[in-house]
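*Asks:* Numbered according to my numbering, the sequence shown spans residues 1262 to 1606.
Glycine is no exception: its CB is placed at the ideal position from the N, C-alpha and C atoms.
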Amino acid sequence: MNYRLVPALQVDLWQPGSISYISKGAVTDVRVSRNMSQILLPYLQQANIQYIILISDLQKAVEKQSASRSSRNRRALQGYSYEIYHSLEEVCKMKWLCDLSAGGRSCKCTGRAEIQSWMHHLNKTHADLVHMFSVGKSYEGRPLFVLKLGKRSRVYKKAVWIDCGIHAREWIGPAFCQWFVKEALQTYQSDPAMRRMLNQLYFYIMPIFNVDGYHFSWTHDRFWRKTRSKNLRFRCHGVDANRNWKVKWCDEGASIHPCDDTYCGPFPESEPEVKAVAHFLRKHRKQIKAYLSFHAYAQMLLYPYSYKYATIPNFSCVVSTELDCLCATSTLFTEGSSQDFHFTI
1262 MNYRLVPALQ VDLWQPGSIS YISKGAVTDV RVSRNMSQIL LPYLQQANIQ
1312 YIILISDLQK AVEKQSASRS SRNRRALQGY SYEIYHSLEE VCKMKWLCDL
1362 SAGGRSCKCT GRAEIQSWMH HLNKTHADLV HMFSVGKSYE GRPLFVLKLG
1412 KRSRVYKKAV WIDCGIHARE WIGPAFCQWF VKEALQTYQS DPAMRRMLNQ
1462 LYFYIMPIFN VDGYHFSWTH DRFWRKTRSK NLRFRCHGVD ANRNWKVKWC
1512 DEGASIHPCD DTYCGPFPES EPEVKAVAHF LRKHRKQIKA YLSFHAYAQM
1562 LLYPYSYKYA TIPNFSCVVS TELDCLCATS TLFTEGSSQD FHFTI
């Protein structure tokens, strides 16, 4: 989200999620170009605002993410790597990876529909545990695929919904969803806890919620966040799918301006991706007992509510589960409600 701090200077706000959450003493992370940093840093010094440069060359960091991709045959699903990022479908190398000697126009297409091919492959090779289906289509017509993970031991089983990549640029989300599926399938026979979960539950895994935006983040803008729907009145594209739900729609933390990264859309569930998922969840509301959505950039486990200060009915159970999750990980996380951390989920 772009905001003006000083005349003729725009920054991309990374943290917090909205400018309305910036307050005295709060930590704020922004991205600026190298040229703009020469304006911003003296301003911060003059205003006596402490700062730390977290990434001195973001361009190099972005290029490093794709450096290992060119050295392997990405068509071989048997050698599918879960430690690098994968594209949704066949894409050309991103603009910053193009042949600069040719004026930036020599971009060669690399590979095939990686994540979608991976899903089809698992559906074919692990038919006893995996069932692939679509809940609808995106704004640009891409299928919204979901993997139903679990042993078909009985007709009805309780279920857990997990989605990743609702914000396009958060590539670690889809990477996690793929990793989770891999771990579940590989440890089903050897891990009693995993075998018990897959025998007793279904996991609905949506590796990429925002498929259009994710594809766009590979082909045009690495930092694209929203969907790719068109606005009839403005040239700006997309809606923040995470703020498009029919629950306290466009409340605190969301924007009514179509060009903002937190734009909530013209109306609730205006985005076909959100509408399709919401329809599926409502249809299976008696079966689905938990909803997990994976994001990036902060080490937090968040639970409702994001729109008010109130204790959820099953507060003790949720907090106990979160503490178990924290103890099971080696990474330091912060636990709390969404409202406590001013983050809308």
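Please classify Lys1419 as buried or exposed, where buried requires at least 16 other C-beta atoms within 10 Å of its C-beta.
*Replies:* Looking at its Cβ environment, which holds fewer than 16 other Cβ atoms inside 10 Å, Lys1419 is exposed.
*Asks:* Quick one: what's got a C-beta closer than 7 Å to Arg1489's C-beta in the same chain, skipping five residues either side?
*Replies:* Excluding sequence neighbours, Arg1489 sits near Tyr1400, Glu1401, Asp1473, Gly1474, Phe1477, His1498, Gly1499.
*Asks:* Starting from Pro1529, trace the alpha helix (DSSP H) in both directions and tell me its first and last residue.
*Replies:* Per DSSP, Pro1529 belongs to no alpha helix (DSSP H) and is neither H nor E.
*Asks:* Taking all protein chains shown into account, do 16 or more other C-beta atoms lie within 10 angstroms of the C-beta of Tyr1312, making it buried, or fewer, making it exposed?
*Replies:* Tyr1312 should be labelled exposed.
*Asks:* Indicate the three-state DSSP secondary structure (helix, strand or coil) for Arg1415 in the structure shown.
*Replies:* Looking at Arg1415 - three-state DSSP - the assignment turns out to be coil, as it is neither helix nor strand.
*Asks:* Applying the 10 Å Cβ sphere with the 16-neighbour rule, what's the burial state of Arg1366?
*Replies:* Per-residue confidence for Arg1366 stands at a pLDDT of 36, beneath the threshold of 50, marking its modelled position as unreliable; no derived number is given.
*Asks:* Rank Trp1510, Ile1423, Ser1284 by C-alpha distance to the C-alpha of Cys1438 and give the top, closest one.
*Replies:* If we check each option's Cα against that of Cys1438, Ile1423 comes out closest.
*Asks:* In the DSSP assignment, the beta strand (DSSP E) including Tyr1465 goes from what residue to what residue?
*Replies:* Looking at the DSSP string, the run of the beta strand (DSSP E) that includes Tyr1465 is 1462-1467.
*Asks:* Mark Trp1357 as exposed unless 16 or more other C-beta atoms lie within 10 angstroms of its C-beta, in which case mark it buried.
*Replies:* Per-residue confidence for Trp1357 stands at a pLDDT of 37, beneath the threshold of 50, marking its modelled position as unreliable; the derived number appears in the next sentence. So Trp1357 counts as exposed.
*Asks:* State the Cα-Cα distance for the pair Ser1516 and Arg1456, rounded to the nearest angstrom.
*Replies:* Ser1516 and Arg1456: Cα-Cα distance of roughly 44 Å.
*Asks:* Is the beta carbon of Glu1583 sitting closer than 7 Å to the one on Leu1562?
*Replies:* Contact: yes.
*Asks:* How long is the line joining the alpha carbons of Asp1318 and Pro1303, rounded to whole angstroms?
*Replies:* Their Cα atoms are separated by approximately 19 Å.
*Asks:* Here's the rule: buried if 16 or more other CB atoms are within 10 angstroms of the residue's CB, otherwise exposed. What is Cys1578?
*Replies:* Answer is exposed; the Cβ neighbour count stays below 16.
*Asks:* Would you mind giving the Cβ-Cβ distance between Cys1425 and Ile1469, rounded to the nearest angstrom? I have them listed as a contact below 8 Å.
*Replies:* Indeed, because the Cβ distance is near 7 Å, the residues count as touching under 8 Å.
*Asks:* Let me know the beta strand (DSSP E) ranges lying completely inside the segment 1265-1315, each 3 residues or longer, listed in chain order.
*Replies:* Listed in chain order, the complete beta strand (DSSP E) runs (minimum 3 residues) inside the segment 1265-1315 are 1271-1276, 1290-1292.
*Asks:* Between the alpha carbons of Met1393 and Ile1314, how many angstroms are there, rounded?
*Replies:* Taking the straight line joining both Cα atoms gives about 44 Å.
*Asks:* Starting from Leu1556, follow the beta strand (DSSP E) in both directions and report where the run begins and ends.
*Replies:* In the sequence as presented, Leu is not what sits at residue 1556; that position holds His. First-last for His1556: undefined, no H or E at that position.
*Asks:* Counting only runs of 4+ residues fully inside the segment 1465-1524, write out the alpha helix (DSSP H) ranges in chain order.
*Replies:* Qualifying alpha helix (DSSP H) stretches, in chain order: 1472-1480.
*Asks:* Among residues of its own chain, excluding the 5 on either side of His1428, which ones have a beta-carbon nearer than 6 Å to its beta-carbon?
*Replies:* These residues qualify, in order along the chain: Arg1486.
*Asks:* Skipping 5 residues on each side, what residues in its chain have a beta carbon closer than 8 Å to that of Cys1525?
*Replies:* Taken in chain order, the residues that qualify are Val1500, Asp1501, Arg1504, Asn1505, Trp1510, Cys1511, Ala1515, Ser1516, Ile1517.
*Asks:* In whole angstroms, what is the alpha-carbon distance linking Lys1507 and Phe1555?
*Replies:* Each residue's alpha carbon lies about 20 Å from the other.
*Asks:* Just reading off the beta strand (DSSP E) that Lys1443 is part of, what are its end residues?
*Replies:* Run containing Lys1443: none in the beta strand (DSSP E); it sits in the alpha helix (DSSP H), 1433-1448.
*Asks:* Taking 7 Å as the threshold (C-beta atoms), are Ala1557 and Ile1466 in contact?
*Replies:* Contact flag unset, no.
*Asks:* Determine whether the beta carbon atoms of Val1421 and Ala1551 lie at a separation below 7 Å.
*Replies:* Contact flag set, yes.
*Asks:* How many angstroms separate the CA atom of Met1458 from the CA atom of Gln1450?
*Replies:* So the two alpha carbons sit approximately 12 Å from each other.
*Asks:* So, helix, strand or coil for Ser1395, using DSSP?
*Replies:* Strand at Ser1395.
*Asks:* Would you call Gly1286 buried or exposed, if buried means 16 or more other Cβ atoms sit within 10 Å of its Cβ?
*Replies:* Exposed is the call here.
*Asks:* Using 10 angstroms around the beta-carbon of Val1416, count the other beta-carbons present and answer buried if the total reaches 16, otherwise exposed.
*Replies:* Result: exposed.
*Asks:* Under the assumption that Val1291 contacts Leu1274 (Cβ atoms under 8 Å), give the Cβ distance between them as a whole number of angstroms.
*Replies:* 6 Å between Cβ atoms; contact.
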